[in-house]
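Q: Here it is, the structure, as structure tokens.
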Ligand code: PEP
Ligand code: MN
């Protein structure tokens, strides 16, 4: 980090900061400019640099402390020059082929889930989604079938050969979801449930980490770092829209996060156009835009009968619309040198 001193800092002030740095075991590189003195802290350790920076900020001669190193390490693009490829069944996130995850928002019944899985497979999706534990805003809304839902997903997976991603809301659910599913989904409301992040981080199954609806990219990457630093490096990031002043859409799909993340991290990035749009008609154009912007995949909600859905019916694609979207995506994927 670099410590910028106030313009009126004296030699005594410089000495004060240098002594503080030395007390932390750091070296100090003093650069006296015409207007300002800058002090470079040499050997700052990542695990304490933020605390030390906050303490230095309280010294009267200090104007600003500029951190140099990123907070995250394992998920940083600087960690490896290769992009991570994360396998779930036949699907490889971060490969040449765009991965499409499809399925219902919520497992409502055996018939509904098996039918949705069949359509997902028919359209070319390679991972099946479906919620058994549902994070609902209102406590009286349908909360999902829980363990029974996981059994139904396992049956749908068996019938179609598609691996399953499903949300885990609580650290106590991790062993059960680990047993029944192929990939953990961490929902937007849980992105900063640090105990949960550590728990899935100790598992050997890949994690789909959705962006918190009010999270910055930095916070999101630090959430991924919780998982990776716990031992599990198989994290796929999912942009699902953020809260803004706009109310027409359910969330504002921040497609700019895709190129930013490509610079910041080696992890694959997919997009959830369904929860961003909140309305089925807007899902196809957002899907195309996401792939055009470089996303490694999509997660799309479909329902055999959206008019009977117990959750997120307005945004669910019918089988017909989903199959059409998959056809529309193919030439785009080809145009940008990828496959579907
Ligand atoms: C979901 O995928 O059904 C879901 C609840 O998504 P999010 O956490 O992004 O709201
Ligand atoms: Mn949903």
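In this note's numbering, the protein residues as written are 575 to 914. For glycine and all other residues, C-beta sits at the position ideal for the given N, C-alpha and C.
Relative to the C-alpha of residue 914, which candidate in 670, 592, 660 has its C-alpha closest?
A: Per the Cα distances, 670.
Q: Classify residue 816: buried if its beta carbon has 16 or more other beta carbons within 10 angstroms, exposed otherwise.
A: Its Cβ being crowded by 16 or more others within 10 Å, residue 816 is buried.
Q: Mind checking who residue 683 pairs with in its DSSP beta bridge?
A: Answer is none; residue 683 lacks a bridge partner.
Q: Just the Cα atoms here: how many angstroms apart are residue 899 and residue 861?
A: Distance between the alpha carbons of residue 899 and residue 861: 8 Å.
Q: Please list, in chain order, all residues of the same chain as residue 761 whose beta carbon is under 8 Å from its beta carbon, the five residues on each side excluded.
A: Closer than 8 Å at the Cβ level, and outside the excluded window around residue 761, lie 709, 741, 743, 784.
Q: If you run the structure through DSSP and keep just helix, strand and coil, what is residue 828?
A: Correct three-state label for residue 828: coil.
Q: Beta strand (DSSP E) containing residue 586: first to last residue?
A: Unbroken run through residue 586 is the alpha helix (DSSP H), 585-597; no beta strand (DSSP E).
Q: Report the start-end ranges of each alpha helix (DSSP H) in the segment 768-824 that is 4 residues or longer and not cut off at the edges.
A: Listed in chain order, the complete alpha helix (DSSP H) runs (minimum 4 residues) inside the segment 768-824 are 768-775, 791-803.
Q: Label residue 838 either buried or exposed according to how many other C-beta atoms from any shown protein chain fall within 10 Å of its C-beta, with 16 as the threshold for buried.
A: Its Cβ being crowded by 16 or more others within 10 Å, residue 838 is buried.
Q: Looking at the structure shown, is residue 760 part of a helix, part of a strand, or coil, going by DSSP?
A: Strand, per DSSP.
Q: Which residue's Cα is closest to the Cα of residue 835: 867, 684, 846, 821?
A: Of the candidates 867, 684, 846, 821, the one whose C-alpha sits nearest the C-alpha of residue 835 is 867.
Q: Could you check the C-alpha separation between residue 612 and residue 777 for me, to the nearest Å?
A: Rounded to the nearest angstrom, the two C-alpha atoms are 45 Å apart.
Q: List, from N- to C-terminal side, the beta strand (DSSP E) runs of 3 residues or more that fit wholly inside the segment 632-700.
A: Counting whole runs of 3 or more residues, the segment 632-700 contains the beta strand (DSSP E) stretches 636-640, 660-662, 665-667, 673-677.
Q: Would residue 680 be called buried (16 or more neighbouring beta carbons within 10 Å of its own) or exposed?
A: Residue 680 comes out buried.
Q: Does any heavy atom of the ligand PEP sit closer than 7 Å to the C-beta of residue 712?
A: No, Cβ of residue 712 sits at least 7 Å from all heavy atoms of the ligand PEP.
Q: Distance, Cα to Cα, residue 896 vs residue 576?
A: Spanning the two alpha carbons is a distance of roughly 52 Å.
Q: Exposed or buried, residue 799, counting other C-beta atoms within 10 Å across all chains shown (16 or more means buried)?
A: Buried, by the Cβ-count rule.
Q: For a test of the three-state rule: what should DSSP assign to residue 738, helix, strand or coil?
A: Strand at residue 738.
Q: Any beta-carbon of chain B closer than 8 Å to the one on residue 905?
A: Of the protein chains in this structure there is only one, and it is not chain B.
Q: Where does the unbroken alpha helix (DSSP H) through residue 753 begin, and where does it stop?
A: Its alpha helix (DSSP H) spans residues 748-754.
Q: What is the DSSP secondary structure of residue 722, reduced to helix, strand or coil?
A: If DSSP states are grouped into helix, strand and coil, residue 722 belongs with the helices.
Q: Give a yes or no on whether the C-beta atoms belonging to residue 906 and residue 876 are separated by under 8 Å.
A: The answer is no: Cβ separation not under 8 Å.
Q: Whose CA, out of 767, 735, 727, lies closest to the CA of residue 752?
A: The shortest Cα separation from residue 752 among 767, 735, 727 belongs to 727.
Q: Just to be sure I understand the criterion: a residue counts if its Cβ is closer than 5 Å to at least one heavy atom of the ligand MN. Which residues meet that?
A: Output, sorted by chain position: 679, 886.
Q: Where do the N-terminal and C-terminal ends of the alpha helix (DSSP H) with residue 902 fall, by residue?
A: Counting along the chain, the alpha helix (DSSP H) containing residue 902 begins and ends at 893-909.
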